[in-house]
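Novice: Here you go, one structure.
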Amino acid sequence: MMDAFLNVLEAVCLVLGCLMSLGAAIGLIRFPDILSRLHAGTKPQVFGLMLLLLAVLIDTRSWAYLPVLVVSLLLQLLTIPISAHMVGRSGYRNKHFPAGDLKQDDLRTVIEEAEAEENATDPQGEDSQPESDVDSMRTS
């Protein structure tokens, strides 16, 4: 009786996890802008992975696999927000979404200050990096 219940629970976790991952993939393709795609690519994907890992744990019926599954979940929980942040920041800097979509734009002032500081230190727009030893040997 208990095996039948665990098999049903495992099947439910597998189906829901796959549906969440499928929904995330469809959202990445179908949503119109970067902000919606970031949401689709992070939140349902993490929940789908959590359900799939739970199904694996139920299927093995052993606590020995728990540390490996927890580590894989924690690594995903650490890397998914970082990658979404980097994609969002890149999309913002490359103007891939309308500024009107943002209710509060804190990054604009930071970028404007950085650009103003860069222009103040390098007015001609040339590279202000010092010449490397290899380049100085080539010119002499």
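Counting from -2, one number per residue, gives the positions in the sequence shown under the working numbering.
Yeah, the Cβ is synthetic: ideal placement off N, Cα and C, and Gly gets one too.
In this text the structure is predicted, and so the values were computed from the model without any measurement.
Does DSSP put Phe94 in a helix, in a strand, or in coil?
Specialist: coil
Novice: Work out the CA separation of Pro29 and Leu35 for me, nearest whole Å.
Specialist: 11 angstroms
Novice: I need the boundaries of the alpha helix (DSSP H) containing Arg105, first residue and last residue.
Specialist: Arg105 -> alpha helix (DSSP H) spans 103 to 118.
Novice: Quick check on Pro64: buried or exposed, where buried means 16 or more other Cβ atoms within 10 Å of its Cβ?
Specialist: exposed
Novice: Does DSSP put Phe28 in a helix, a strand or coil?
Specialist: It is coil, neither helix nor strand.
Novice: Alpha carbon to alpha carbon, how far is Thr118 from Ser137? Give it in angstroms, no decimals.
Specialist: Confidence is the limiting factor: at Ser137 the pLDDT is only 48, short of 50, which leaves the residue's position unreliable, though a coordinate-based value still follows. Whole-angstrom Cα-Cα distance: 28 angstroms.
Novice: If you draw a straight line from the C-alpha of Pro41 to the C-alpha of Ser69, how long is it?
Specialist: 16 angstroms
Novice: Here's the rule: buried if 16 or more other CB atoms are within 10 angstroms of the residue's CB, otherwise exposed. What is Gly38?
Specialist: buried
Novice: Which of the three DSSP states is assigned to Arg58 in this structure?
Specialist: coil
Novice: Express the C-alpha separation of Ala1 and Ser87 in angstroms, rounding to a whole number.
Specialist: 49 angstroms
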